[in-house]
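In the UniProt record's numbering, the protein residues as written are 1 to 243.
Have a look at the structure below, then the notes.
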Amino acid sequence: MADPGQPQVTQPPRQARSAGSGLVLGADGLARPRWASVHEDLRRYYGTEWGLPVRDEPGVFERLALEGFQSGLSWATILRRREGFRRAFAGFDPEVVAAFGAADVDRLLADTGIIRHRGKIEATLSNARATLELRTQSGIGARGDLGPGAGLAELVWSYRPGRSPAPRSPEEVPTTSAESIALAAELKRRGFRFVGPTTMFALMEAIGIVDTHLLGSHRRGSSGLWDRSGAPLPLAPAGPAPE
């Protein structure tokens, strides 16, 4: 038993025992990749959100916007400002954001609660308008078989691959895929910005379209959409967004 009169020292995370795993054992005994082990916000995000399915339009639009803002920055920087982003962009409601004008851009550029990058702010507004436009278009999606009534979430999810990666180490985690390249091209064709193949692969990882949790991670297979080997499991119909 520790002496209550002595200061308590938090032990640094230990590298997981399996050689080359790229995993770190936390004080809770759970193995995580190094990027998810350096900050409590990242540990929480990795353990409760990253890689779980997001299939509603506002949710996908939010992740699309945040991945764009993250370009060139650390994800921890975005997480620390996430509530600020949600306040500034009306909860990432595409219909509200699409109506933002020049005065809103000026307001956002003065908002210290977000990343004040004019290009990324203007891209988010433009992407909201493109999101609304998608609802009326035909021939969208990976097979060109989605029509009016489908939208951003359906388009993005149509690029779910036949198999997911099964990385054993960080070096085996891809940064792009044939599907992310095709998704980026379609979104650009439909007026979206800050949607390069690497950014789109990061989006696909974040919302469960692929599972790039390392094989030794306790989160591998947590989406319920892939087994541990990367084989697909049935995709249930999308339900309403959670409250």
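All C-beta atoms in this analysis are idealised placements derived from N, C-alpha and C, irrespective of residue type, glycine included.
Annotation for Leu233: no beta strand (DSSP E) segment contains it, and DSSP assigns it neither H nor E.
Secondary structure at Arg32: strand, using DSSP grouped into helix, strand and coil. When DSSP states are grouped into helix, strand and coil, Trp226 belongs to the strand group. Between the C-alpha atoms of Ile207 and Ser164 there is a straight-line separation of about 13 Å. If you ignore the 5 residues before and after Arg116, its C-beta comes within less than 8 Å of the C-beta of Leu108, Leu109, Ala110, all in its own chain and listed in chain order. Straight-line spacing of the CA atoms in Gly191 and Ala130 works out to 6 Å. The beta carbon of Pro148 sits closer than 8 Å to the beta carbons of Arg135, Thr136, Gln137, Ser138 from its chain, once the five residues preceding and following it are set aside; these are given in chain order. Between the C-alpha atoms of Gly47 and Gly113 there is a straight-line separation of about 25 Å.
Beyond the five residues adjoining it in sequence on each side, Tyr45 comes within less than 7 Å, by CB distance, of Leu79 in the same chain, given in chain order. The closest CA to that of Arg193, considering only Gly68, Pro237, Val210, is found on Gly68.
Bounds of the alpha helix (DSSP H) holding Leu109 are 102–109.
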